[in-house]
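Sequential numbering from 6 applies to the sequence shown in this note's numbering. Take a look at the structure below.
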Amino acid sequence: MANKSKYTLQEVTSPQLAREFLNLPKRIYKGNRNWVCPLDEDIEKVFDPARNPLFGDGEAIRWLVRNRKNEVVGRIAAFYNREQAAIEEQPTGGCGFFEAINDQEVADLLFDAARMWLASRGMEAMDGPINFGPRDTWWGLLVEGYEFQPLYANPYNPPYYKELFEHYGFRNYFNQNTYIWRVNDSEANRQIFARTERLMATPGYRFENIDMRNLEEAAENFRIIYNKAWALFSGVKPMDKAQAQQLMRSMKSIIDPDIIIFAYFNDEPIGFFITVPDLNRLIGKFNGKFGWWQKLRLMWDLKVRRSCDRIFGITPEFHGKGVESGIMTKFWHFLEESQSRYKTMELAWIGDFNPVMNRMIQTYVCASLHKVHTTYRYLFDREKEFHRCPRLGVKRRE
6 MANKSKYTLQ
16 EVTSPQLARE
26 FLNLPKRIYK
36 GNRNWVCPLD
46 EDIEKVFDPA
56 RNPLFGDGEA
66 IRWLVRNRKN
76 EVVGRIAAFY
86 NREQAAIEEQ
96 PTGGCGFFEA
106 INDQEVADLL
116 FDAARMWLAS
126 RGMEAMDGPI
136 NFGPRDTWWG
146 LLVEGYEFQP
156 LYANPYNPPY
166 YKELFEHYGF
176 RNYFNQNTYI
186 WRVNDSEANR
196 QIFARTERLM
206 ATPGYRFENI
216 DMRNLEEAAE
226 NFRIIYNKAW
236 ALFSGVKPMD
246 KAQAQQLMRS
256 MKSIIDPDII
266 IFAYFNDEPI
276 GFFITVPDLN
286 RLIGKFNGKF
296 GWWQKLRLMW
306 DLKVRRSCDR
316 IFGITPEFHG
326 KGVESGIMTK
336 FWHFLEESQS
346 RYKTMELAWI
356 GDFNPVMNRM
366 IQTYVCASLH
376 KVHTTYRYLF
386 DREKEFHRCP
396 RLGVKRRE
C-alpha cells in the first residue's frame, strides 16, 4: 500500500478485493433510478487473461482507494496492449472502470497511479475512461443524457465525473454520440418514405431480414460490410471470418430476426441494420448476478414476454443514397404490422470524427441526439501539443 493524505491506494490482488471493486458502484449509485448494475461476469472477464486476448501482448492492473474508516471510496483500472498502443500518435494506454466519490483528491490519486504505471511500461499517454476490450462496451464518459437509462454494457456515471477528469488535465479526444429514433414520429416517417420511394426508382436495391437458417452467410455479409465501413477508424482492426462467425453465434440466443435487416444492391451486401433487444431493461433486477436463475429469467423475458422495448442499431456505410431510409421503412412496416413492443431505437457510438455518418443519422434516419460520451486523452508530456482524433478520411499526423 502507498499512503497519500487521508486516503490509501491498494492494488487488487485477491478475490476479496476484486469483490470490493465490483461492489463500489452499488454504493455510488444507490438511489439512482437510471443506473443499471452491470453483470459481475461482464466486468470480471475483462481482467481474466484466459478470456481476454489483449493480455497476449499487454497487461492490466486494478486499484482501490480507501478512506481512514477503511471504506472503499474509489477504484480504477489501467491497461495497455502493445499492438493497439503502437497505432496511436504516441504509445497510448488506457484507464477505465473509474468510480469515485466526489473528491478530486481521490480522483487524482487514482489517475496518478494509472499514469505512473503506464509510463513505467513505455506509454506516453492514456485514454479514459475506456475498456480493455471492444470499443462498443464500457467506453467513454457520459457527459450528456444523465436522465436516461444506459444501454447494455454502455457507461453511466454521475455528472461530477466530468469535472474530476478535466480538472486533472484530461482533454476531449473525441465524442461518441447516441441518437434516438421514435416509431411515432410522423414527420420523420414521411421523410423516410419519400426518400425510400426515390431510392427504389433505381432497380437493384432490396432489403431482407436475416436468415436464421443460414447464419454463416449472414456473418460473412456482416464482415464484408463491417470491414468496408469501420476498418478505417482509428484503433479498429478489420474483422476476420472466425471473428464474424463467433459474433453471430454469441448473438444467436437474443436475435430477433424481424429487427435485423441487410441491404443489397444487385445481390451484393451493401449495408446492415443490426438491432438487438436492450438487455439493460431486463438485467437491472439481477444486481450484478448472472447464475442459472437469472439466465432463465432473461430467456423468459426475451423469448416469451418480449418485454424489452428499446433497441439499438448500427447503420451501414453505404450512406447518402437513401439506403438508410429503405432500411428504416422496412423496419417501420414490421413495427406497424406486428404492433410490436419496440417503440424506440438507440443508435449508439457515432464518433464525432465521422461527420458524414452523423449527418446521415440525422438526415436519412431522422433520429435526434440523445446522449453523448467523451473519450478523454491525457498526454504525459504536458508540453506536447494536444491533437484531437483525426476526422475519418484524414491521415494521422506523423
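Glycine included, each C-beta is placed from N, C-alpha and C at the ideal position.
Give me the Cβ distance between residue i and residue j, rounded to the nearest whole Å; I'm assuming they're in contact under 8 Å.
| i | j | result |
| --- | --- | --- |
| arginine 218 | alanine 249 | No, arginine 218 and alanine 249 are not in contact; Cβ-Cβ is about 17 Å, not under 8 Å. |
| leucine 59 | asparagine 86 | 4 Å |
| lysine 4 | phenylalanine 212 | The structure shown does not extend to residue 4, since the chain is modelled only from 6 through 403, so no value can be given for it. |
| phenylalanine 175 | arginine 382 | 7 Å |
| histidine 375 | threonine 183 | 5 Å |
| lysine 167 | valine 148 | 5 Å |
| phenylalanine 385 | glutamate 129 | 5 Å |
| serine 373 | isoleucine 185 | 6 Å |
Measuring straight from C-alpha to C-alpha, what distance separates residue i and residue j?
| i | j | result |
| --- | --- | --- |
| arginine 396 | glycine 79 | 34 Å |
| proline 164 | glutamate 221 | 43 Å |
| lysine 400 | glycine 276 | Low confidence applies here, because lysine 400 scores a pLDDT of 48, under 50, leaving its location unreliable and the question unanswered by this model. |
| threonine 18 | arginine 71 | 15 Å |
| isoleucine 264 | proline 96 | 40 Å |
| methionine 131 | arginine 38 | 32 Å |
| isoleucine 230 | histidine 172 | 41 Å |
| tyrosine 12 | leucine 146 | 24 Å |
| arginine 203 | alanine 158 | 38 Å |
| alanine 23 | valine 51 | 12 Å |
| glycine 101 | proline 134 | 4 Å |
| glutamine 21 | aspartate 47 | 18 Å |
| methionine 244 | asparagine 232 | 6 Å |
| alanine 90 | alanine 119 | 15 Å |
| asparagine 177 | glycine 150 | 17 Å |
| cysteine 371 | glutamine 196 | 8 Å |
| glutamate 388 | glycine 325 | 41 Å |
| lysine 31 | glutamate 49 | 16 Å |
| proline 160 | glycine 327 | 32 Å |
| alanine 247 | glutamate 94 | 30 Å |
Verify whether the separation of the beta carbon atoms of residue i and residue j is less than 8 Å.
| i | j | result |
| --- | --- | --- |
| glutamine 154 | isoleucine 355 | no |
| isoleucine 66 | alanine 55 | no |
| phenylalanine 270 | isoleucine 215 | no |
| glutamate 110 | serine 10 | yes |
| phenylalanine 84 | glycine 99 | yes |
| phenylalanine 137 | aspartate 357 | no |
| glycine 331 | threonine 201 | yes |
| tyrosine 369 | glutamate 341 | no |
| threonine 379 | tryptophan 144 | no |
| asparagine 107 | tryptophan 337 | no |
| tryptophan 68 | glutamate 25 | no |
| glutamate 3 | arginine 126 | The chain is shown from 6 up to 403; residue 3 falls before or after that span and cannot be answered. |
| alanine 353 | leucine 156 | yes |
| leucine 169 | alanine 112 | yes |
Taking all protein chains shown into account, do 16 or more other C-beta atoms lie within 10 angstroms of the C-beta of residue i, making it buried, or fewer, making it exposed?
| i | result |
| --- | --- |
| aspartate 62 | exposed |
| leucine 14 | buried |
| proline 262 | exposed |
| alanine 224 | buried |
| glutamate 351 | buried |
| lysine 257 | exposed |
| isoleucine 92 | exposed |
| alanine 234 | buried |
| methionine 365 | buried |
| proline 209 | The sequence shown places glycine at residue 209, not proline. Answer is exposed; the Cβ neighbour count stays below 16. |
| valine 41 | buried |
| proline 274 | buried |
| phenylalanine 278 | buried |
| methionine 121 | exposed |
DSSP puts residue i in a beta bridge; with which residues?
| i | result |
| --- | --- |
| glycine 276 | Ala268 |
| tryptophan 68 | Glu16, Ile81 |
| tyrosine 381 | Gly133, Asn177 |
| glutamate 88 | None; glutamate 88 has no bridge partner. |
| tyrosine 210 | Phe270 |
| glutamate 104 | Arg80 |
| serine 373 | Ile185 |
| asparagine 98 | Per the sequence shown, residue 98 should be read as glycine rather than asparagine. Partner(s): Met131. |
| leucine 146 | Thr379 |
| glycine 63 | Asn86 |
| isoleucine 355 | Asn182 |
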